[in-house]
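K.L.:
Following this message is one structure expressed as structure tokens.
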Amino acid sequence: QKEVEQDPGPLSVPEGAIVSLNCTYSNSAFQYFMWYRQYSRKGPELLMYTYSSGNKEDGRFTAQVDKSSKYISLFIRDSQPSDSATYLCALLNSGGSNYKLTFGKGTLLTVNP
Amino acid sequence: SQTIHQWPATLVQPVGSPLSLECTVEGTSNPNLYWYRQAAGRGLQLLFYSVGIGQISSEVPQNLSASRPQDRQFILSSKKLLLSDSGFYLCAWNRQRNTEAFFGQGTRLTVV
Chain A
1 QKEVEQDPGP LSVPEGAIVS LNCTYSNSAF QYFMWYRQYS RKGPELLMYT
51 YSSGNKEDGR FTAQVDKSSK YISLFIRDSQ PSDSATYLCA LLNSGGSNYK
101 LTFGKGTLLT VNP
Chain B
1 SQTIHQWPAT LVQPVGSPLS LECTVEGTSN PNLYWYRQAA GRGLQLLFYS
51 VGIGQISSEV PQNLSASRPQ DRQFILSSKK LLLSDSGFYL CAWNRQRNTE
101 AFFGQGTRLT VV
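As they're listed, the protein sequences go chains A and B.
The first sequence lines up with residues 1 to 113 when you count with the working numbering.
The second sequence lines up with residues 1 to 112 when you count with the working numbering.
Below, the structure is given as structure tokens:
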């Protein structure tokens, strides 16, 4: 079983839709959870960063973590064409000397005007 | 504020030629530094990370090597490129092991 699973899509929605993006993971040592947005031919940029289970909101974006189910989500409300990008979840192990982020494969999202 | 620079943005190299990609970070000291490769449909693969000058950890055996000659400089190299080395290479940094990482704009390498 891979450490992080993310449906690569592609996902196509109309403007104004609510988008749900998800990742599952297998290693309970992951304690830090991030979502990155990557536009075509650009480096990923950090969208959301959370540590605990529950919800974290930032404008139209909400990150949700359920550690008991090993399931994380990113919700986008009132989606805009400018949200069209690849979204990657990233998880970080909290212990030892493991500094590396483990990424999902990314979900390609297209928001149609 | 902190910034990360990565160059070149694109590179076309023949098989068997050497490679040198450079990454520098400004505005912070003693960052953790990372090299990732992103292939279509395969996500981000960690190649190397470094927690200090001269300290390099390799995640996967391959045709590449990394060096950190200065605190905020990270170099990805190859002596002889293979076709399979083509991809999108990303440099990243973070301050401590438990904080988010910030990425450069990437280098798209095509080996022909």
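Glycine included, each C-beta is placed from N, C-alpha and C at the ideal position.
Measure the C-alpha to C-alpha separation of B/G52 and B/I4 and round it to an integer number of angstroms.
P.N.:
The C-alpha of B/G52 lies about 17 Å from the C-alpha of B/I4.
K.L.:
Taking B/Q55 as the reference, which of B/D85, B/N30, B/G106 and B/F103 has the closest Cα?
P.N.:
B/N30
K.L.:
If you draw a straight line from the alpha carbon of A/P14 to that of B/R72, how long is it in whole angstroms?
P.N.:
Each residue's alpha carbon lies about 43 Å from the other.
K.L.:
Got a sec: is the Cβ-Cβ distance from B/G43 to anything in chain A below 8 Å?
P.N.:
yes
K.L.:
Excluding sequence positions up to five away, which residues of its chain have a Cβ less than 6 Å from the Cβ of B/A144?
P.N.:
Residue numbering for chain B in the displayed model covers 1 to 112; residue 144 of chain B lies beyond these limits and cannot be assessed.
K.L.:
In terms of residue numbering, what span does the beta strand (DSSP E) encompassing A/N112 cover?
P.N.:
A/N112: member of the beta strand (DSSP E) spanning T107 to N112, first to last residue.
K.L.:
What do you get for A/Q80, buried or exposed, if any count of 16 or more other CB atoms within 10 angstroms of its CB means buried?
P.N.:
exposed
K.L.:
Report the three-state DSSP secondary structure of A/P8 (helix, strand or coil).
P.N.:
coil
K.L.:
Considering only C-alpha positions, which residue in the set A/S73, A/C23 and A/A85 is nearest to A/E5?
P.N.:
A/C23
K.L.:
Note down the Cα distance separating B/V12 from B/T110, rounded to an integer number of angstroms.
P.N.:
5 Å
K.L.:
How many Å lie between B/T10 and A/R41 at the Cα?
P.N.:
About 10 Å.
K.L.:
Could you tell me which of A/S69, A/T102 and A/R37 sits nearest to A/L47, measuring between CA atoms?
P.N.:
Taking only the C-alpha atoms, the option nearest A/L47 is A/R37.
K.L.:
If you measure beta-carbon to beta-carbon, which residues of the region 75 to 90 of chain B are closer than 7 Å to chain A?
P.N.:
L90
K.L.:
Thinking C-beta only, is B/L46 closer than 8 Å to A/K149?
P.N.:
Here chain A has residues from 1 to 113 only, and residue 149 of chain A is not among them.
K.L.:
Taking the continuous beta strand (DSSP E) assigned at B/P18, which residues delimit it?
P.N.:
First-last for B/P18: undefined, no H or E at that position.
K.L.:
Between the alpha carbons of B/N32 and B/Y49, how many angstroms are there, rounded?
P.N.:
7 Å
K.L.:
Give, in chain order, every residue of the region 12 to 27 of chain A whose Cβ lies closer than 8 Å to some Cβ of chain B.
P.N.:
none
K.L.:
If we ignore side chains and look at the alpha-carbon of each, how far apart do A/Y71 and B/F102 end up?
P.N.:
23 Å
K.L.:
With respect to the beta strand (DSSP E) encompassing B/T28, which residues constitute its N-terminal and C-terminal limits?
P.N.:
From DSSP, B/T28 is part of no beta strand (DSSP E); its letter is neither H nor E.
K.L.:
Should B/L44 and B/Y89 be called a contact, given that it needs their Cβ atoms to be closer than 8 Å?
P.N.:
no
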